[in-house]
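2 protein chains.
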Amino acid sequence: MEAITIKDIAKALNLSTSTVSRALRGSYEINPETKKLVLEYAKKMNYHPNPIALSLKENRSRAIGVIVPEIANNFFSQAINGIEAVAYDRGYHVVIFQSHESYERERSNIQHLVGRKVDGVLISLSGQTTEVNHLSEIQKRGVPLVVFDRISNEIEANKVIADNFQGAFEAAEHLILSGRKRIAHITSPSLLYTTNERLEGYKAALEKHGIPFNENLVRYCGFAPEEAREVIFELLDTQKPDAIFTASDRLALDCFAAVKAKGIDIPEQVAFIGFTNLQVAHLLDPPLSTVVQPAFEIGKTAAEMLLDTIDNKRNTATIKTIKIPTEVNLRTSSD
Amino acid sequence: MEAITIKDIAKALNLSTSTVSRALRGSYEINPETKKLVLEYAKKMNYHPNPIALSLKENRSRAIGVIVPEIANNFFSQAINGIEAVAYDRGYHVVIFQSHESYERERSNIQHLVGRKVDGVLISLSGQTTEVNHLSEIQKRGVPLVVFDRISNEIEANKVIADNFQGAFEAAEHLILSGRKRIAHITSPSLLYTTNERLEGYKAALEKHGIPFNENLVRYCGFAPEEAREVIFELLDTQKPDAIFTASDRLALDCFAAVKAKGIDIPEQVAFIGFTNLQVAHLLDPPLSTVVQPAFEIGKTAAEMLLDTIDNKRNTATIKTIKIPTEVNLRTSSD
DNA sequence: ATCGTTGTCGGGAACGTTACCAAAAAGGCT
DNA sequence: AGCCTTTTTGGTAACGTTCCCGACAACGAT
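For the protein sequence lines, the chains are Z and U, in the order given.
Quick note on the numbering used here: the first sequence kicks off at 1 and runs consecutively.
Quick note on the numbering used here: the second sequence kicks off at 1001 and runs consecutively.
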């Protein structure tokens, strides 16, 4: 069973395709009776306009593309839910892609999206992405772009991020106030923007409380599965921290597991606080203190910005970075 | 900056579009020198064929669609990773959609996918889906379909599922062997196929060990956020179970939280085992026993089946259901 | 010299849709 | 009666690509 087209309708009703087309979109310049005839027949035959033909003609698709490193990451899947909520409301479809932290995949995804004529792109950069030519290129092609969470200073676009500095500051300060002195910070590769923001927050808290910054207590950790475990073991052995502040979902879990595997008591020997969106943080042993990012709201805000520029409701000349507050959830792991 | 087309190349090189087209796809009947000329110019100008035009012409897109209830569910995001792994290898893009457990959204997603001429669809049914006309319709249109995990008996298609019966059987049996008598089963809405499979496994284990099946110990629970909590509270109060076996990620977490909130000791008072793909099961308090489904492998297998039928490497006349073994991971919550 | 063959290319239609330009009929105006 | 609007419809090009068909030259064979 093939899909019915405007031509089929035209033939069946002895009309021209242009008449049918206009009737279907309710043009004023068409006889009400003809219009009714066409609409009824279309309904009966379950006619749906071919979106591909429309895209080819109009150079748009009524869909926006989203690229995230990993949907298995709770933060990103929640952000996507925020994006979908507003996009769906405003009549846009959302096409989801994963870069799997690979720069190559990210490029390929971008290629595919612009080829498919998405009306805009929302992206959170992969951990390997060090240059952003692929992004400025689609901007040159006129594709609206909003970067969220994993942003880069090198790209001029609207951006939405959590207040990483503030979150990290509060987390570190809390550890300090509970009497910890050797506060380690385990974080993502240093080329990520969020990494630096969080590091700065951490440093600021130390400085405020007169604790000298000790480079040896900071570890950058890539995305390889076994890497985190090794990094944390080495850190524990050589630096003997009395607190750990981690910078992401993934790292929090890996570190948490590693510390427990070593038989170190949390929070007695080492206090722990993570920057994460885990929904199970309160069910862990012990319950994990977290800095939570408003993932859904970040997605929602980013999508709104994007759709506003697409629909020309936003001044495209001025770009803007929206920062959304984080929230600190203290539980027993950092007591 | 607009994308360059075959016409542009033709004009620039004083050739016809047909010649350029053939040169680009390396047709034998084209002068090697002309071919070289065209290819070099195309490369220089960064030419990429317009996939939309191709789709319109060829009625296909080199993309497959995936519809899952919720990507925030670990099982599904892992399954998607399995799907992407094989699709990427075989030159197909993967378009991800969420039904959010809504039948309407599922229909709308299907519509969008066939409109966009995906070459095949992988779907895991929403919790609200009771009839599958939207699926048989796309089959009639010739779109290959594979259903995975959340399958339905009413649709005739290739299917991939975990061995739910076996997993449930082993879980229940383990609880029985550890001396539990009143084993509750909290599960998803009864119209889901997996629900029944797991229920049957649970029943079979009871029967094997001479424990009469008690309907009051079984609870079906929808997808509303607060529902699980109420259901489990009511169950605990009225039935006093000494063990709970839950049928999904979501339910396991909600129940786990509810039981702990009530101050009931796990596993002392109530043993607990979940059917889940949580990556943090071993970090919970106490570590959670689970029946894990090979999500990645399920996705991989389903995608392979789909791509095989798309590429005509598979006999489309015979349909098949592949069942993949589950694995039971015993931890302290069920001691 | 004529013919068929081979190699190389261009023209046009088609995929489904919309937009522009005509065209025909009907009606109103002077 | 002649002309100009208005209403309603049809024809065609265009979006980017491929594919079928035909054209034309060069070439060897008869």
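Glycine is no exception: its CB is placed at the ideal position from the N, C-alpha and C atoms.
What you are looking at is a predicted structure, and each value in this text was computed from that prediction instead of being measured.
The way I'd put it, the stretch 134 to 146 of chain Z does touch the stretch 113 to 125 of chain Z; three or more beta-carbon pairs between them come closer than 8 Å.
Taking Ala295/Z as the centre and dropping the five residues before and after it, the same chain places the C-beta of Phe75, Gln78, Ala79, Asn277 closer than 6 Å to its C-beta, in chain order. Counting along the chain, the unbroken alpha helix (DSSP H) around Ile1176/U starts and ends at 1164 to 1177. Counting only the Cα atoms, Ala205/Z lies some 30 Å from Leu1284/U. Secondary structure of His112/Z (DSSP, three-state): helix.
With a beta-carbon spacing of about 5 Å, Ser126/Z and Glu101/Z fall inside the 8 Å limit used to define contacts.
Within 8 Å of the CB of Glu101/Z, no CB atom of chain U is found; the nearest one sits about 12 Å away.
Taken in chain order, the members of the stretch 1079 to 1096 of chain U whose beta-carbon sits within less than 9 Å of a beta-carbon on chain Z are Ile1080, Asn1081, Glu1084, Tyr1088, His1093, Val1094, Val1095, Ile1096. Note on geometry: alpha-carbon atoms of Asn1081/U and Pro225/Z lie some 15 Å from one another. Around the CB of Leu177/Z, fewer than 16 other CB atoms lie within 10 Å, so the residue is classed as exposed.
Contact between the stretch 1243 to 1261 of chain U and the stretch 1090 to 1110 of chain U is absent, with fewer than three C-beta pairs closer than 8 Å. Contact check between the stretch 15 to 34 of chain Z and the stretch 1010 to 1019 of chain U: fewer than three CB pairs, one atom from each, fall below 8 Å, which does not count as touching. Sequence-distant partners of Ser1190/U (beyond 5 residues in either direction) whose C-beta falls short of 6 Å from its own C-beta, in its chain, are Tyr1220. Here Asp163/Z is not near Pro267/Z, since their CB atoms are 7 Å or more apart. Beta-bridge analysis with DSSP links Arg219/Z to Ile186/Z. Contact with chain U is found for Ala72/Z, since one of that chain's Cβ atoms lies less than 7 Å from the residue's Cβ. Leaving aside the five residues that flank Asp308/Z on each side, the residues in its chain whose CB is nearer than 7 Å to its CB run, in chain order, Arg314. Contact between Glu1200/U and Phe1165/U holds, since their C-beta atoms are separated by about 6 Å, short of 8 Å. Looking at the DSSP output, Ile1324/U shares a beta bridge with Ala1162/U. Counted as a single uninterrupted DSSP element, the beta strand (DSSP E) harbouring Val95/Z occupies residues 93 to 98. With respect to chain Z, the C-beta atom of Lys1117/U has a partner C-beta closer than 7 Å. For the stretch 225 to 301 of chain Z, the full-length alpha helix (DSSP H) segments reaching 4 residues or more read 227 to 239, 249 to 261 along the chain. Here the alpha carbon of Gln1128/U sits roughly 27 Å from the alpha carbon of Asn1214/U.
Counting only Cβ-Cβ distances below 7 Å, Gln269/Z has no contacts in chain U at all, with the closest Cβ about 17 Å away. Not a single CB atom of chain U sits nearer than 7 Å to the CB of Val143/Z. Annotated as distal: Ile123/Z and Gly299/Z, with beta-carbon spacing of 7 Å or more. Using a 10 angstroms sphere on the CB of His174/Z, the tally of other CB atoms reaches 16 or more, which defines it as buried. If you ignore the 5 residues before and after Ala1010/U, its C-beta comes within less than 8 Å of the C-beta of Ser1016, Thr1017, Thr1019, Val1020, all in its own chain and listed in chain order. Comparing alpha-carbon positions, the option among Ile322/Z, Met305/Z, Ile6/Z, Leu217/Z lying closest to Pro144/Z turns out to be Met305/Z.
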